[in-house]
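**Q** Each residue of the sequence shown is one higher than the one before, counting from 449 in this note's numbering.
The C-beta atom is built at its ideal place from N, Cα and C for all residues, glycine as well.
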Amino acid sequence: MRVGFLFNHYFPHQVPHAAPYAFELSRHYPEIDVIVACSSRQEMDLVETIGKLYPGHRCQFRTLRIPWYYSMIDPVVSLWAFGRKRAVLRNNLPFFRGLDALVSPERNCLDLRTVHGLTNLVMIRTRHGAGDRDGVFDERLTGFQFMLLPGQKYVDRLHALGLLQEGRFCASGYPKFEVIRGLNREIPRLFNNDNPVVVYNPHFDRSQSSWGPMGLQILEWFLHHREFNLIFAPHVVLFKRRIRHGAFLPGKYRLAPNIHIDTGSSASVDMTYMLAADIYLGDVSSQVYEFLLEPRPCIFLNGHHVAWQGNPSYQHWRLGQVVENVESELIDALKQAFMTHSGYIKRQREAFAYAFHSEPETTAAERGARAIADFLNLKAGRFSSSPGKTTMRGL
449 MRVGFLFNHY FPHQVPHAAP YAFELSRHYP EIDVIVACSS RQEMDLVETI GKLYPGHRCQ
509 FRTLRIPWYY SMIDPVVSLW AFGRKRAVLR NNLPFFRGLD ALVSPERNCL DLRTVHGLTN
569 LVMIRTRHGA GDRDGVFDER LTGFQFMLLP GQKYVDRLHA LGLLQEGRFC ASGYPKFEVI
629 RGLNREIPRL FNNDNPVVVY NPHFDRSQSS WGPMGLQILE WFLHHREFNL IFAPHVVLFK
689 RRIRHGAFLP GKYRLAPNIH IDTGSSASVD MTYMLAADIY LGDVSSQVYE FLLEPRPCIF
749 LNGHHVAWQG NPSYQHWRLG QVVENVESEL IDALKQAFMT HSGYIKRQRE AFAYAFHSEP
809 ETTAAERGAR AIADFLNLKA GRFSSSPGKT TMRGL
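(1) For the segment 643-653 against the segment 726-738, do three or more pairs of beta-carbon atoms, one drawn from each stretch, fall closer than 8 Å, so that the two count as touching?
(2) How many angstroms separate the CA atom of VAL451 from the CA atom of LEU547?
(3) Mind the definition here: the segment 566-577 touches the segment 543-558 only if three or more C-beta pairs lie below 8 Å; say whether that holds.
(4) Hey, quick one: how far does the alpha helix (DSSP H) through TRP573 stretch, first residue to last?
(5) Less than 9 Å separating the beta-carbons of CYS746 and TYR802?
(6) Suppose the cutoff is 8 Å on Cβ atoms and the five residues either side in sequence are ignored; what does the same chain contact list for ASP604 look like?
(7) Grouping DSSP H, G and I as helix and E and B as strand, with all else coil, what is VAL754?
(8) Here's the rule: buried if 16 or more other CB atoms are within 10 angstroms of the residue's CB, otherwise exposed. What is PRO426?
(9) Can you give the beta carbon distance from ILE709 to LEU473, rounded, assuming they're within the 8 Å contact cut?
(10) Indicate whether GLN508 and VAL536 have their beta-carbon atoms separated by less than 9 Å.
(11) Look up VAL563 in the DSSP assignment and say whether it is helix, strand or coil.
(12) How many angstroms separate the CA atom of LEU697 from the CA atom of LEU664?
(13) Expressed to the nearest angstrom, what Euclidean distance is found between the alpha-carbon atoms of ARG830 and PRO468?
(14) What's the call for VAL456, buried or exposed, on a 16-neighbour Cβ count within 10 Å?
(15) Looking at the secondary structure, which residues open and close the beta strand (DSSP E) in which HIS708 lies?
(16) Under DSSP, the beta strand (DSSP E) around PHE453 begins and ends at which residues?
(17) Taking one C-beta from the segment 784-800 and one from the segment 613-623 each time, how about it: are there three or more such pairs within less than 8 Å?
(18) Using 9 Å as the threshold, is the C-beta distance between SER658 and GLY577 below it?
(19) From which residue to which residue does the alpha helix (DSSP H) around THR720 run?
(20) Could you give the distance in angstroms between the alpha-carbon of MET595 and the alpha-carbon of VAL685?
(21) Mind checking which residues open and close the alpha helix (DSSP H) that includes LEU667?
(22) Would you call GLY579 buried or exposed, if buried means 16 or more other Cβ atoms sit within 10 Å of its Cβ?
(23) First and last residue of the alpha helix (DSSP H) that includes ILE635?
(24) Rounded to whole angstroms, what's the CA-CA distance from PRO661 to PRO542? Just pull it up for me.
(25) Hey, would you say LEU566 sits closer than 9 Å to PHE544, going by beta carbons?
(26) To the nearest angstrom, report how far apart SER833 and GLU479 are at their CA atoms.
(27) Here's a check: name, in chain order, each residue in its chain whose Cβ is nearer than 6 Å to the Cβ of PHE800, leaving out the five neighbours to either side.
(28) Under 7 Å Cβ to Cβ from CYS486, same chain only, skipping five residues before and after it: list those, please.
(29) Among ASN540, PHE687, ASP481, which residue has its Cα nearest to the Cα of PHE459?
(30) Could you check whether ALA466 and PRO623 sit closer than 9 Å to each other, using their CB atoms as the reference points?
(31) Give the secondary structure of GLY791 by DSSP, where H, G and I count as helix, E and B as strand, and everything else as coil.
(32) Just the Cα atoms here: how many angstroms apart are HIS505 and ILE514?
(33) Rounded to the nearest angstrom, what separates ILE498 and GLU775 at their Cα positions?
(34) By how many angstroms is the C-alpha of PHE680 removed from the C-alpha of VAL717?
(35) Go ahead and pull the three-state DSSP assignment for ARG830.
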């Protein structure tokens, strides 16, 4: 059996959500060859770092080839769209044809079945994040034969939408938390004062993000209110695809002593800023649930004046104050954040437990690896081998 894990992005932010499954699968199921394939050096670096947390793993690492011509045009094209993902798939078809199953935290890999004809390749999906926005729930998910989900929230939501089949999923938990605990990175002191630290984390989805209608207003507000420190750590895609998303940043904000700006370093991936902040300020990013690993005040920005109450795509907005106007409401929300937080703690803890499945005796990575192996029916003898070929029956 050959099972591949695919990471096909510009940034390594998806890696901690799936790599732990690969390492545990290789440690506990010696009959499986596990190959971790990356399309960028950043992704591979993080894969290798995480691998050190799982001694004895047998994973093979493979760097996927990018067409030379696309490497030439990609710095410009990527400002609008991530066409490189599909170019990587096209250029590495012999590798994918040699796999029995492919595990990935992103959806473009479905092209291998629908466009490139690899219909015998079993496709397994992991989540990257545990957010609520409607953009992560669509019919493309039915193209995967099996899904690993963070917790009961996703099971219920996908069932309600008719996107989940019985026996084709597992609520395994959130392996990224295991990675963060294992890496045990030191939280840096970013400011030379003890003022409250706010992390502003806008999403890239223009239909829901606060960046377009409010982003520069927020930075300007903090520029003139130095009684608060601000970490500006948007979703890494916002500035990578900056022309498409209108992400431009005047230089004056980088010079402000109370504003720390990071539009895409490893600290945006490894929860450094989520752990360093006292208050979360954002819109629809799933990182709010990572921030709630430790319950703290949250403020949400309704830049599009959405009627959000009762909308499952905004259910996390029940976990803090909601602001619609920067000038008239933000200062009061920040001043009241710690005083009003006691009214949200119970909701935050319940929402966290609903989002992330956990068990005392096993880790999310172990549960996910077991679910993958069970789904592939390794122990049920449903594989037959002929020279140079392994086939799966009944999938």
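**A** Here's the rundown:
(1) The segment 643-653, when compared against the segment 726-738, does touch it at the 8 Å Cβ threshold.
(2) 6 Å
(3) Yes, they touch.
(4) The sequence given here has Arg at residue 573, not Trp. First-last for ARG573: 570-574, but that is the beta strand (DSSP E), not the alpha helix (DSSP H).
(5) no
(6) none
(7) The answer is coil: DSSP assigns VAL754 none of H, G, I, E or B.
(8) Not covered by the structure: residue 426. The range shown for the chain is 449 to 843.
(9) That pair is no contact at about 38 Å.
(10) no
(11) The answer is coil: DSSP assigns VAL563 none of H, G, I, E or B.
(12) If I take the Cα positions, the gap works out to 8 Å.
(13) Per-residue confidence for ARG830 stands at a pLDDT of 44, beneath the threshold of 50, marking its modelled position as unreliable; the derived number appears in the next sentence. Approximately 26 Å, taken between the alpha carbons.
(14) As written in the sequence, residue 456 is Asn, which differs from the Val given in the question. So ASN456 ends up on the buried side.
(15) Under the DSSP assignment, HIS708 falls in the beta strand (DSSP E) whose first and last residues are 707-709.
(16) 450-455
(17) no
(18) no
(19) 720-724
(20) In a straight line, the C-alpha of MET595 is about 24 Å away from that of VAL685.
(21) For LEU667, the enclosing alpha helix (DSSP H) stretches over residues 664-671.
(22) By the neighbour-count rule (16 or more Cβ atoms within 10 Å), GLY579 is buried.
(23) No alpha helix (DSSP H) holds ILE635; DSSP gives it neither H nor E.
(24) 46 Å
(25) yes
(26) Because the pLDDT of SER833 is 35, which lies under 50, any placement of that residue in the model is unreliable, and the number read from its coordinates should be weighed accordingly. Between the alpha carbons of SER833 and GLU479 lies a gap of roughly 13 Å.
(27) LEU740
(28) PHE455, MET492, VAL495, THR511, LEU512
(29) For PHE459, the nearest C-alpha among the options comes from PHE687.
(30) Contact check for PRO623 against ALA466 passes: the beta carbons are separated by less than 9 Å.
(31) helix
(32) 27 Å
(33) 43 Å
(34) 14 Å
(35) Bear in mind that a pLDDT of 44 at ARG830, under 50, signals an unreliable position, so the model cannot answer this.
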